[in-house]
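S.K.: Structure below; questions to follow.
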Amino acid sequence: MVDSSSQPMEAGFELGAFNVVHLRNQLSDWLAQLLLSLLGHSDSEGPHGLARWRQRSLPVVADLQLALLLALLLPALRWALECTVFDSAARSALARQRPPASRVGQERAQLAVTKYKESAWRCCFYGAVWLYGLTVTLAEGWPGRDTRALWDGWPHHTVTYGVKVFYMLELSYYLFGIYAVGASFVAPAHAWEVRRKDSLVMLTHHLATTLLLAYSYLHGFVRIGALVLLAHDLSDVLLEGAKLAKYAGRELAASLTFAAFALSFFALRLVYYPAVLIYSASFEAPALVGPLLTWPMTLVFYYVFNTALLLVLVLHCYWFLLILRIAAKQIASGGKVDDVRSDSDDD
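Right, here's the structure in full:
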């Protein structure tokens, strides 16, 4: 049985002569073909080739190979961008500020360059993947007015090409993030990320998100999974944008972007996420999916899956307290916003 309750509406994504879906699919083809070739599946018509990926099908464990491989390639991509585009952008942005005279000041200036490149990487990756995921979910017609449609037809929820690539991009990022943040504890001098006081919280978040992504993909819960990702990524784009403006000394831009970030964080992560998505997974899903589950599957889905969703919500509450602290400081300082996570820095 093939799910037909949510048919793509990709023909509607036209911006004049510019077809967004066509561009998205071209980029997807290039990335998927590259990864499949590296895995030894260069024959596009083979059983594991690009043709199978393009087909709407049920998710399988073999799909996750692309996420694992991409997670191994992301460090090279990030390194290349940081050594070229991001480094030049960081030094150009920070050159507007007065050059430090002391050794400590020079060390802080270099740390600011490192932080700028970190934020530039996250902002670009989150922004690109969020836009990609937005076109995918809109084409699928998710969520619609009735969130129960997220569960209708399960377990025969097939996955389109765009959803597969969207999931692999997100999963690869969080797999790489586990390594990048974890390395800051083991070898901080050579780590990808500047270690902060909330790095352990961030590592917990990445682990929980990776668990949710893998579980939801393999068990056919990609509809709600995609919406959870979209609800989270927009805030991250604004967060990193606020940091970039702060590092560049653009106080007004930093303040406005931070305000947009705080509003989106509250609306999407503390209202929409629990009131719509967690509610649907906790109450609507058991009524629609529960009768189809065995007891072990019920244990995993209802308790493990929903517990992970709630754990992420708890982390959001922790981070929102930090946001409120920074907002209070911003008001007290007459609008000057701190680095959005500066209160958590070790330095």
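In my numbering, each number is its position in the sequence shown, counted from 1, plus 524. Cβ atoms here follow ideal geometry from the backbone N, Cα and C, with glycine treated the same way.
Select from Leu674, Leu742, Pro820 and Val689 the residue whose C-alpha is nearest the C-alpha of Gln579.
M.R.: Val689
S.K.: Pull up the DSSP beta-bridge partners for Ser581, would you.
M.R.: Val683
S.K.: Quick check: what's the CA-CA separation for Lys853 versus Ser779?
M.R.: 12 Å
S.K.: Mark Glu569 as exposed unless 16 or more other C-beta atoms lie within 10 angstroms of its C-beta, in which case mark it buried.
M.R.: Looking at its Cβ environment, which holds fewer than 16 other Cβ atoms inside 10 Å, Glu569 is exposed.
S.K.: Under the three-state reduction of DSSP, which class applies to Asp871: helix, strand or coil?
M.R.: Here the model assigns Asp871 a pLDDT of 41, short of 50, so the residue's position is not dependable and the matter cannot be decided.
S.K.: Going by Cα to Cα distance, which pick from Leu848, Leu812, Glu808 and Ala856 is closest to Pro679?
M.R.: Among Leu848, Leu812, Glu808 and Ala856, the Cα nearest to that of Pro679 is on Leu812.
S.K.: Could you give the C-beta distance for Gly773 and Arg620, rounded to a whole number, given that I count them as a contact under 8 Å?
M.R.: A Cβ-Cβ separation of about 6 Å places Gly773 in contact with Arg620 under the 8 Å criterion.
S.K.: Quick one: what does DSSP say Arg672 is sitting in, helix, strand or coil?
M.R.: In this structure, Arg672 counts as helix in the three-state DSSP scheme.
S.K.: Indicate whether His572 and Ala586 have their beta-carbon atoms separated by less than 8 Å.
M.R.: A distance below 8 Å separates the beta carbons of His572 and Ala586.
S.K.: My output table needs one value for Arg615: the three-state DSSP class, helix, strand or coil.
M.R.: helix
S.K.: Taking all protein chains shown into account, do 16 or more other C-beta atoms lie within 10 angstroms of the C-beta of Pro667, making it buried, or fewer, making it exposed?
M.R.: buried
S.K.: With distance defined between alpha-carbon atoms, name the residue in Ala791, His565, Val746 and Leu593 nearest to Leu519.
M.R.: In the structure displayed, the chain extends from 525 to 871; residue 519 sits before or after that span and is not available.
S.K.: Who are the near neighbours of Leu562 in its chain, counting only those whose CB is closer than 7 Å to its CB and skipping five residues on each side?
M.R.: Hits under 7 Å: Leu593.
S.K.: Please look up how many angstroms separate the CB atoms of Ser806 and Gly686, rounded, as I've assumed it's under 8 Å.
M.R.: Taking 8 Å as the upper bound for CB-CB distance, Ser806 and Gly686 are not in contact here, some 28 Å apart.
S.K.: In chain order, what residues of the same chain have a beta carbon less than 7 Å from the beta carbon of Val800, not counting five sequence neighbours either side?
M.R.: Thr671
S.K.: Assess, as a yes-or-no matter, whether the region 757 to 768 is touched by the region 783 to 792 under the definition of 3 or more beta carbon pairs within less than 8 Å.
M.R.: yes
S.K.: Count the other CB atoms, across all protein chains shown, that sit within 10 Å of the CB of Glu631; report buried if there are 16 or more and exposed otherwise.
M.R.: With fewer than 16 Cβ atoms within 10 Å of its Cβ, Glu631 is classed as exposed.
S.K.: Roughly how many angstroms separate the alpha carbons of Ser566 and Asn549, rounded to a whole number?
M.R.: 18 Å
S.K.: Looking only at C-alpha atoms, which of Phe610, Gly651 and Leu776 sits nearest to Ala755?
M.R.: Gly651
S.K.: Ordered along the chain, which non-local residues of its own chain (more than five positions away) have a Cβ less than 8 Å from that of Gly540?
M.R.: Summary for Gly540: the model assigns pLDDT 45, below 50, so the residue's position carries little reliability; its value from the coordinates is reported in the next sentence. Nothing meets the Cβ criterion.
S.K.: Please report the straight-line C-alpha distance between Ala595 and Gly657, rounded to a whole angstrom.
M.R.: 18 Å
S.K.: Three or more C-beta pairs under 8 Å: does that hold for the region 690 to 709 against the region 732 to 750?
M.R.: yes
S.K.: What runs of the alpha helix (DSSP H), each 4 residues or longer, lie entirely inside the region 747 to 828?
M.R.: 775 to 788, 809 to 812 and 819 to 822
S.K.: According to the Cβ coordinates, are Tyr640 and Leu763 closer than 8 Å?
M.R.: no
S.K.: Alpha carbon to alpha carbon, how far is Val584 from Ala633?
M.R.: 47 Å
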